[in-house]
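*Asks:* This is the structure, below, for whatever I ask next.
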Amino acid sequence: MAFDLKEIIAARLGENYKLHERHVNPTLVAAQRVIGFDKVYARAEGAYLYDMDNQPYLDFLSG
Numbered sequence: 006m007a008f009d010l011k012e013i014i015a016a017r018l019g020e021n022y023k024l025h026e027r028h029v030n031p032t033l034v035a036a037q038r039v040i041g042f043d044k045v046y047a048r049a050e051g052a053y054l055y056d057m058d059n060q061p062y063l064d065f066l067s068g
């Protein structure tokens, strides 16, 4: 059975923080909310994340 990865990602858009909080690191998610870093990001290039309005953010967490 074939599936479309882009379609799956688009259908789950915006759930990343909820899932990360539940399954990985709730403390990090809480800190990101406090500093306003809990946005829905549309894309990434290098060390920058871009939100749905194409506003760039430097990703200090990339490694």
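So the sequence shown is numbered by the numbering used here: it starts at 6 and just counts up by one. Ideal Cβ positions, reconstructed from N, Cα and C, are used throughout, including at glycine. Predicted model only: the values in this text are computed from it and were never measured.
Any idea what DSSP makes of L18, helix, strand or coil?
*Replies:* Position 13 of the sequence shown, counting from 1, holds the residue named residue 18. L18 falls in the coil class under three-state DSSP.
*Asks:* Rounded to the nearest angstrom, what separates N21 and N59 at their Cα positions?
*Replies:* Indexing the sequence shown from 1 puts residue 21 at position 16. Indexing the sequence shown from 1 puts residue 59 at position 54. Cα to Cα, N21 sits roughly 18 Å from N59.
*Asks:* Here's the rule: buried if 16 or more other CB atoms are within 10 angstroms of the residue's CB, otherwise exposed. What is L24?
*Replies:* Along the sequence shown, one-based indexing puts residue 24 at 19. With fewer than 16 other Cβ atoms within 10 Å, it is exposed.
*Asks:* For D64 and G51, what's the separation of their Cα atoms in angstroms?
*Replies:* In the sequence shown, residue 64 corresponds to position 59, counting from 1. In the sequence shown, residue 51 corresponds to position 46, counting from 1. Straight-line Cα distance between these residues: approximately 9 Å.
*Asks:* Nearest to A49 by alpha carbon, out of G41, Y62, V39?
*Replies:* In the sequence shown, residue 49 corresponds to position 44, counting from 1. If we check each option's Cα against that of A49, Y62 comes out closest.
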